[in-house]
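Visitor: Supplied in structure tokens, the structure appears directly below.
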Amino acid sequence: MVTGSQITGCMGETPDLPPKLLQQFLGLALSFRRMTPSVSNPRRLLLTWGCTLKSSSSGSITYRTHHWHSSAECWKITVPENSYVILNMIMFSGSSCSDKYVEIKIDDRDETITFCPGQSKWNPVIAFSDVTVTYRSSSSPNNLELRYNVESILCSRKDSFKCSSGICLPMSQVCDGVKHCYDGADEIGCETGVFAVKGVNEGRLNATTWLKSRYSDVFGWHENTHRGIVALYLGNERNSTNMTAGEKLIEKQLEVQTLASLLRNETDPLAANQLSMYINALLITCQDPHNFHGFDLVQLLRDQIEDTPLMNRPVAYLALCNAEESLPNNATIDLGKVLNSASEYPFLLDVQAAAVMALSCLNSDNKTDFVDIDEAANNTNLVSFSQSEYEGAVNNLKKFQSRDGSFGNVYTTAIVTQALLSANQENAKDWSLNNSVSHLLQHLNSSSVDFLSTYLILPILNGKSLSDIRETDCSNDVQHRFDGDPILDVKNKLGPKMRVQYSLYIGDEKDIIHTISLRVPGNITVYDVMKLAEVADDKYKFEWKQMKEKIYVYNIAGIINDFENGQFWLLYLGKDVESITHSNKSPDKVILQDGAQLIMWYKKAHI
Numbered sequence: 003m004v005t006g007s008q009i010t011g012c013m014g015e016t017p018d019l020p021p022k023l024l025q026q027f028l029g030l031a032l033s034f035r036r037m038t039p040s041v042s043n044p045r046r047l048l049l050t051w052g053c054t055l056k057s058s059s060s061g062s063i064t065y066r067t068h069h070w071h072s073s074a075e076c077w078k079i080t081v082p083e084n085s086y087v088i089l090n091m092i093m094f095s096g097s098s099c100s101d102k103y104v105e106i107k108i109d110d111r112d113e114t115i116t117f118c119p120g121q122s123k124w125n126p127v128i129a130f131s132d133v134t135v136t137y138r139s140s141s142s143p144n145n146l147e148l149r150y151n152v153e154s155i156l157c158s159r160k161d162s163f164k165c166s167s168g169i170c171l172p173m174s175q176v177c178d179g180v181k182h183c184y185d186g187a188d189e190i191g192c193e194t195g196v197f198a199v200k201g202v203n204e205g206r207l208n209a210t211t212w213l214k215s216r217y218s219d220v221f222g223w224h225e226n227t228h229r230g231i232v233a234l235y236l237g238n239e240r241n242s243t244n245m246t247a248g249e250k251l252i253e254k255q256l257e258v259q260t261l262a263s264l265l266r267n268e269t270d271p272l273a274a275n276q277l278s279m280y281i282n283a284l285l286i287t288c289q290d291p292h293n294f295h296g297f298d299l300v301q302l303l304r305d306q307i308e309d310t311p312l313m314n315r316p317v318a319y320l321a322l323c324n325a326e327e328s329l330p331n332n333a334t335i336d337l338g339k340v341l342n343s344a345s346e347y348p349f350l351l352d353v354q355a356a357a358v359m360a361l362s363c364l365n366s367d368n369k370t371d372f373v374d375i376d377e378a379a380n381n382t383n384l385v386s387f388s389q390s391e392y393e394g395a396v397n398n399l400k401k402f403q404s405r406d407g408s409f410g411n412v413y414t415t416a417i418v419t420q421a422l423l424s425a426n427q428e429n430a431k432d433w434s435l436n437n438s439v440s441h442l443l444q445h446l447n448s449s450s451v452d453f454l455s456t457y458l459i460l461p462i463l464n465g466k467s468l469s470d471i472r473e474t475d476c477s478n479d480v481q482h483r484f485d486g487d488p489i490l491d492v493k494n495k496l497g498p499k500m501r502v503q504y505s506l507y508i509g510d511e512k513d514i515i516h517t518i519s520l521r522v523p524g525n526i527t528v529y530d531v532m533k534l535a536e537v538a539d540d541k542y543k544f545e546w547k548q549m550k551e552k553i554y555v556y557n558i559a560g561i562i563n564d565f566e567n568g569q570f571w572l573l574y575l576g577k578d579v580e581s582i583t584h585s586n587k588s589p590d591k592v593i594l595q596d597g598a599q600l601i602m603w604y605k606k607a608h609i
């Protein structure tokens with residue numbers, strides 16, 4: 003406060019001020035009194051006095067002069083919400099507060115903190131709101147340096163991470179796969195599991211390059227095209243929205259080879275293991291193995307399992323699980339026999355690893371959680387394999403690891419490593435993932451590298467296994483699947499033809515009925531029939547939108563779903579008109595049979 007020619011509050015001292023400096027201070031005080039009624043924001047008022055604004059997260063306040071004159075300078079340090087500032091006096095020359103002093107005023111507090119010169123050390127000041135630093139001097143020389151650092155309140159916590167910019171993050175945002183620091187410092191050194199192994203990224207790139215170099219535009223990867231595609235897309239994420247011409251050609255080559263094999267199936271039957279590999283390849287390229295140009299590869303595989311040797315069944319069960327198909331009732335019995343076999347075949351470990359991958363796939367499906375065998379005895383829909391048996395099978399694989407990280411030859415090592423990855427054993431302490439992957443990388447860098455080893459190793463270098471095929475993200479492929487000429491697509495479907503009837507009912511009492519009879523290939527979906535009909539007759543033109551992986555039809559023949567009238571387009575199906583029932587399934591998921599009645603009915607809906 004101003005009392006005559008003195009200012010109180012200077013560490014107990016009351017210095018006399020020169021008349022000129024006192025006049026300057028009183029002028030500021032009078033100006034404050036005159037301006038206060040018209041200023042709603044005191045912070046703006048301080049800035050009008052000419053204080054230098056300091057808005058950076060860190061910096062220093064310096065003032066140096068060598069000639070004598072009275073000085074009065076001020077600086078404003080802004081402190082963002084949920085942050086604080088630490089001020090440290092570094093240098094302040096002078097003899098006492100009677101010559102010069104520094105005042106620090108914190109906005110949300112009534113006290114003023116005063117620094118006097120000539121001390122060897124000053125205590126730091128911490129403030130949680132804006133700070134005004136004022137320097138006053140009546141002597142020379144002037145030599146002042148004060149440093150400040152603004153930090154998030156979060157930085158004061160031990161469980162926080164500080165970016166180089168000064169921003170602090172909760173530890174939950176460190177190593178979460180998102181770069182919160184501008185330089186990505188919060189994601190440096192976060193690699194775990196496979197990605198923490200030295201040379202993995204380089205090895206994955208080299209293996210991908212090697213695999214692509216063996217591809218032919220005419221023959222693909224010959225008899226291994228299905229395997230080549232699986233390795234390529236498990237080892238490198240597939241981007242359906244930005245596919246290269248080469249990638250499109252690879253997928254087209256897969257279609258051609260799959261169709262050729264299916265057409266030869268009558269004279270040269272496809273074995274279960276070949277069907278399994280085709281199913282996996284179609285799934286990872288976001289094609290439907292249930293309805294591939296009129297063929298249901300999944301059903302073909304199911305029909306073959308009983309005649310398939312036990313050693314080949316784990317691969318078939320894995321493919322069925324990847325296709326989200328229910329397994330035969332004896333599936334887990336078969337898998338148990340494989341895992342508990344006393345056979346001394348050296349290749350049994352490969353088959354047991356495939357069995358573990360099949361069980362891992364089942365274990366990842368909430369609909370088929372493992373249950374005790376006793377509980378499943380009376381319910382054939384449950385998977386009768388206990389969690390303890392599964393864990394025992396996984397632990398048994400680990401026992402075969404050698405000191406060099408291998409589980410036998412390079413192929414067995416890759417298959418077992420995939421199985422352990424499928425069982426989420428990356429960070430388990432009772433085996434060495436690092437040694438296993440390093441061993442596989444050595445093989446890839448050797449002259450012994452071949453197609454089969456690359457097919458098995460490349461997914462591992464991306465932390466994947468064959469059981470990850472079921473997790474393929476096809477959300478961006480929905481529109482692509484329905485692009486093109488629907489008439490041509492239907493004509494290109496192979497196999498026997500059948501006849502279906504498609505009708506439009508308008509009104510609860512069927513005020514208007516339109517019907518069209520179509521000859522179509524077998525194994526055709528409701529969506530395919532609707533596309534075929536709209537090309538044949540404009541009355542059947544429709545509009546749809548994908549919502550939560552289902553096709554939502556909202557407009558047919560210019561008649562739009564009307565929430566106020568409560569009338570909507572509903573799908574009905576049946577063998578004849580009298581037996582039709584409402585279906586909530588997506589039109590692209592419903593496969594029609596010969597003689598089916600398909601009806602889209604515009605009527606009142608009931609919840």
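The sequence shown maps to residues 3 to 609 in this note's numbering. We put the CB at the ideal spot given by N, CA and C, even for glycine.
With distances taken between CB atoms, is the gap from A357 to P330 smaller than 8 Å?
Guide: no
Visitor: Taking Y542 and L506 to be in contact with their CB atoms under 8 Å, please state how far apart those CB atoms are, rounded to whole angstroms.
Guide: 7 Å
Visitor: Measure the alpha-carbon distance for F570 versus F221 and round it to whole angstroms.
Guide: 50 Å
Visitor: Determine the contact status of K181 and E189, defining contact as a CB-CB distance below 8 Å.
Guide: yes
Visitor: Could you check how far apart the C-beta atoms of T456 and A209 are, in whole angstroms? I think they sit under 8 Å.
Guide: 5 Å
Visitor: So, helix, strand or coil for Q306, using DSSP?
Guide: helix
Visitor: Which of the three DSSP states, helix, strand or coil, is assigned to E249?
Guide: helix
Visitor: Quick check on S140: buried or exposed, where buried means 16 or more other Cβ atoms within 10 Å of its Cβ?
Guide: buried
Visitor: Whole angstroms are fine: how far does the CA of K254 sit from the CA of D406?
Guide: 41 Å
Visitor: Secondary structure at E225, three-state DSSP: helix, strand or coil?
Guide: helix
Visitor: Would you decide whether C363 is buried or exposed? Buried here means 16 or more other CB atoms lie within 10 Å of its CB.
Guide: buried
Visitor: From the DSSP output, read off the bridge partner residues of A74.
Guide: R138
Visitor: With H, G and I counted as helix, E and B as strand and the rest as coil, what does DSSP make of V451?
Guide: coil
Visitor: Determine which residues share a DSSP beta bridge with Q569 and list them.
Guide: DSSP output for Q569 lists D564 and K606 as bridge partner(s).
Visitor: Where does L48 land, buried or exposed, given buried means 16+ other C-beta within 10 angstroms?
Guide: Because L48 sits at a pLDDT of 40, beneath the cut-off of 50, its placement in the model cannot be relied upon, and the following sentence gives the value as read from the coordinates. Buried: at least 16 other Cβ atoms inside 10 Å.
Visitor: Determine the extent of the alpha helix (DSSP H) in which A395 is found, giving its start and end residues.
Guide: Q389 to K400
Visitor: Return the chain-ordered list of same chain residues with a C-beta closer than 6 Å to the C-beta of S424, the five sequence neighbours on each side being excluded.
Guide: So the list reads M359, S362, S467 and S469, once near-sequence residues are dropped.
Visitor: Nearest CA to the CA of Q427: which residue from Y347, H441, G465 and S440?
Guide: G465
Visitor: Once DSSP output is grouped into helix, strand and coil, what is the label at L295?
Guide: The question names Leu, but residue 295 in the sequence shown is His. Residue state, collapsed to three classes: coil.
Visitor: State the Cα-Cα distance for the pair A31 and S73, rounded to the nearest angstrom.
Guide: With a pLDDT of 36 at A31, under the threshold of 50, the predicted position of this residue should be treated as unreliable, though the coordinate-derived value follows. If you take the alpha carbons of A31 and S73, they lie about 16 Å apart.
Visitor: Less than 8 Å between the beta carbons of Y615 and I553, yes or no?
Guide: Because the chain in this structure spans residues 3 to 609, residue 615 falls outside the shown range and cannot be described.
Visitor: In the DSSP assignment, find the unbroken alpha helix (DSSP H) run with G205 in it and report its ends.
Guide: Membership of G205 in the alpha helix (DSSP H) is indicated by the continuous run V202 to S215.
Visitor: Under a three-way DSSP split, which group does Q403 fall into?
Guide: Per DSSP, reduced to three states, the secondary structure at Q403 is coil, with no helix or strand assignment.
Visitor: Could you spell out the range, first to last residue, of the beta strand (DSSP E) harbouring K339?
Guide: In the DSSP assignment, K339 falls outside any beta strand (DSSP E) and within the unbroken alpha helix (DSSP H) covering A333 to L341.
Visitor: Quick check for students: name the residue ranges of the beta strand (DSSP E) that lie wholly in the region 72-124, counting only runs of 3 or more.
Guide: 73-79, 85-94, 102-108 and 114-117
Visitor: Buried or exposed: G568, going by 16 or more other Cβ atoms within 10 Å of its Cβ?
Guide: exposed
Visitor: Residues in its own chain within less than 7 Å of R149 by CB, not counting five upstream and five downstream?
Guide: Hits under 7 Å: S62, N90 and I92.
Visitor: Taking C-beta to C-beta, are L594 and V502 nearer than 8 Å?
Guide: yes
Visitor: Compute the Euclidean distance between the alpha carbons of F163 and I169, then round it to the nearest angstrom.
Guide: 8 Å
Visitor: Could you tell me whether the Cβ atoms of W77 and T114 are closer together than 8 Å?
Guide: no
Visitor: With burial defined as no fewer than 16 other Cβ atoms inside 10 Å of the residue's Cβ, what is the status of N125: buried or exposed?
Guide: exposed
Visitor: If you scan the region 405-438 from start to end, which runs of the alpha helix (DSSP H) of 4 or more residues do you find wholly inside it?
Guide: 412-424
Visitor: If you run the structure through DSSP and keep just helix, strand and coil, what is L463?
Guide: Three-state result, L463: helix.
Visitor: So M279 and R240 are in contact, right, with Cβ under 8 Å, and what is the actual spacing, rounded?
Guide: So it is not a contact: roughly 17 Å between Cβ atoms.
Visitor: For N226, which option in Q259, N429, L534 and L207 has the closest C-alpha, if you only look at C-alpha atoms?
Guide: Q259
Visitor: Report buried or exposed for P498, applying the criterion of at least 16 other Cβ atoms within 10 angstroms of its Cβ.
Guide: So P498 counts as exposed.
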